[in-house]
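Just add 104 to the spot in the sequence shown (first one is 1) and you have the working numbering.
Here is the structure we will look at, set down as structure tokens.
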Amino acid sequence: MTANPSKSSEERHVDTSALWTAETKADPFPVYSMMRKEAPVCRVVTPEGFEIWMITRYEDVRQALTDPRLANATEHAPEWLRSLGLVGEGDASLGRHLLTVDPPEHTRLRRLVSKAFTRGRMEALRPRVQRITDELLDAMAAGEEADLIESFAFPLPITVICELLGVPGEDQDDFRGWSRTILTAAFTPEGMAERAGAGRSMARYVAGLIARRRPEVDPAVPPGEQPDLISGLILASEDRDTLSESELKAMIRLLLIAGHETTVNLIGNGMVSLFRHPDQLRLLRERPELLPGAIEELLRYDGPVDRGMFRYTTEDVEIGGQRIPKGSAVVGLLGSADRDPARYADADVLDITREDTGHLAFGHGAHFCLGAPLARVEGQVAIGSLLARFPDISLACDPSELRWHSGGFGVVRGVEALPVRLRAGT
């Protein structure tokens with residue numbers, strides 16, 4: 105990546121229409137491989153006619169995630185995004201939050217949120233994550249088959265994040281519906297109307313939750329030790345600076361969405377990868393001490409976040425030898441970057457003993473995923489406990505029959521359902 109774009113850089117054109125097919129939704133990696141080879145930085149036109157620049161190679165994506173000329177702030181977004189109400193004042197789904205602002209605003213928000221969202225708090229949740237996991241596995245054990253998404257991969261993280269935030273259990277299904285709509289609505293006027301409606305419903309609920317919680321907060325208890333994260337965020341301060349009401353609401357909505365949907369896909373995609381590689385499944389079952397590294401490899405091989413959030417060029421930028429004009433929407437293909445053979449030996453091979461476990465599944469730089477420690481805890485406990493309880497677990501359908509979802513421009517990607525046999529011979 106260079107400071108001054110070269111006027112001689114020429115755009116390479118390839119047919120990327122396959123990006124939007126059901127086949128690519130199920131398996132995007134052949135298309136990604138083609139793009140890395142033929143047009144690693146590629147201008148793509150969506151079926152709706154919207155123009156996006158996609159970055160496919162590991163080093164280019166990694167550098168783009170830290171380049172200040174690629175802004176997260178939505179005021180830099182192109183007009184077509186604004187026309188859909190996807191960003192700016194028209195976006196009722198989240199508002200301004202950690203993923204849509206840049207330094208120094210991002211630095212301030214991250215510093216305040218980190219007062220409550222501590223690594224120690226996340227690790228301290230491990231026993232509770234284990235108890236929730238055991239309860240779900242107990243319920244599954246009554247049958248011979250199960251939908252692993254509906255019975256396990258969804259209820260585990262939604263229960264954890266709702267308990268962490270202090271959301272009553274009876275409201276969890278509402279959050280599932282709202283967040284799925286916000287994440288997967290089509291980028292059409294109709295889809296955006298559905299997305300905005302779900303965002304408004306969630307916003308009203310969160311506002312009421314904060315109003316009920318404020319009188320109960322004990323200011324003598326540090327933010328990181330409050331009984332729930334909302335109380336911690338209410339108290340979080342530095343040099344007499346605190347989160348405003350709108351910032352607090354946006355942060356809680358972001359945590360509720362990002363705090364469960366990605367972990368559902370981590371568990372679901374991870375188990376699909378293991379089912380497709382029975383030698384690795386057997387190795388992990390026989391050597392549970394490999395679990396931490398296995399989770400990192402599963403995140404690399406087929407992670408829950410396939411394509412990064414939009415970035416917007418604030419000036420002409422050259423990436424990978426390609427000039428991207430000012431005012432463009434840019435997306436780093438995290439799934440492609442993590443399969444780049446220039447970065448990983450045997451990049452398309454799942455190897456849970458891989459020593460080089462670095463990946464971009466949680467992003468990179470200032471916007472590195474705040475919830476990564478919690479996601480790792482949940483992934484380790486969930487997959488480790490599942491294999492220990494049901495050592496003969498297997499896929500109950502042909503892998504080609506699995507239906508995959510990816511919303512909008514495919515930020516998150518996972519299976520709709522995952523039918524499994526819990527025991528051999530069933």
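All C-beta atoms in this analysis are idealised placements derived from N, C-alpha and C, irrespective of residue type, glycine included.
With a 10 Å radius around the Cβ and a threshold of 16 neighbouring Cβ atoms, G281 comes out exposed.
The three-state secondary structure of V148, taken from DSSP, is strand. In this structure, A441 keeps its C-beta atom at 8 Å or more from the C-beta atom of L474.
The segment 303-311 makes contact with the segment 272-286, as at least three CB pairs between them are under 8 Å.
At a cut-off of 4 residues, not a single continuous stretch assigned as alpha helix (DSSP H) sits fully inside the segment 398-430.
With a cutoff of 8 Å on beta-carbon distance, I253 and G431 are scored as not near each other.
Residue environment: C146 is assigned as buried (16 or more neighbouring CB atoms within 10 Å of its CB, all protein chains considered). Secondary-structure assignment with DSSP links V435 through a beta bridge to M158. Rounded to whole angstroms, the gap between the alpha carbons of V205 and T178 is 7 Å.
DSSP places G295 inside the alpha helix (DSSP H), whose first and last residues are P293 to R317. Around the beta carbon of E248, a 10 Å sphere encloses fewer than 16 other beta carbons of the protein chains shown; the residue is thus reported as exposed.
DSSP places P259 inside the alpha helix (DSSP H), whose first and last residues are P259 to L269.
The beta carbon of D251 is closer than 7 Å to those of A521, L522 and P523 in its chain, skipping five residues each way along the sequence. When the five nearest sequence neighbours on each side are left out, the beta carbons in the same chain lying within less than 6 Å of the beta carbon of G407 are those of A465, in order along the chain.
When the beta-carbon positions are compared, A476 and G336 stay at least 8 Å from each other. The C-alpha of A143 lies about 13 Å from the C-alpha of G436. For S510, the enclosing beta strand (DSSP E) stretches over residues W508 to S510.
Under the DSSP assignment, A243 falls in the alpha helix (DSSP H) whose first and last residues are R230 to M244.
Within the same chain, Cβ atoms closer than 8 Å to the Cβ of T211 are found at A470, the five residues on either side in sequence being excluded.
Residue pairing of P272 in beta bridges, as defined by DSSP: absent, with no partner found. With three or more CB-CB distances shorter than 8 Å, the segment 349-358 counts as touching the segment 304-322. The three-state secondary structure of P172, taken from DSSP, is coil. When C-alpha distances from E329 are compared across S121, T128, D164 and T222, the shortest belongs to T222. For E239, the closest C-alpha among the options P392, V485 and V409 is that of V485. Here the segment 393-403 makes no contact with the segment 146-161; the two share fewer than three CB pairs at distances below 8 Å.
If you ignore the 5 residues before and after G295, its C-beta comes within less than 6 Å of the C-beta of A289, all in its own chain and listed in chain order. In the DSSP assignment, A122 forms no beta bridge with any residue.
A Cβ-Cβ separation of about 6 Å places I236 in contact with V264 under the 8 Å criterion.
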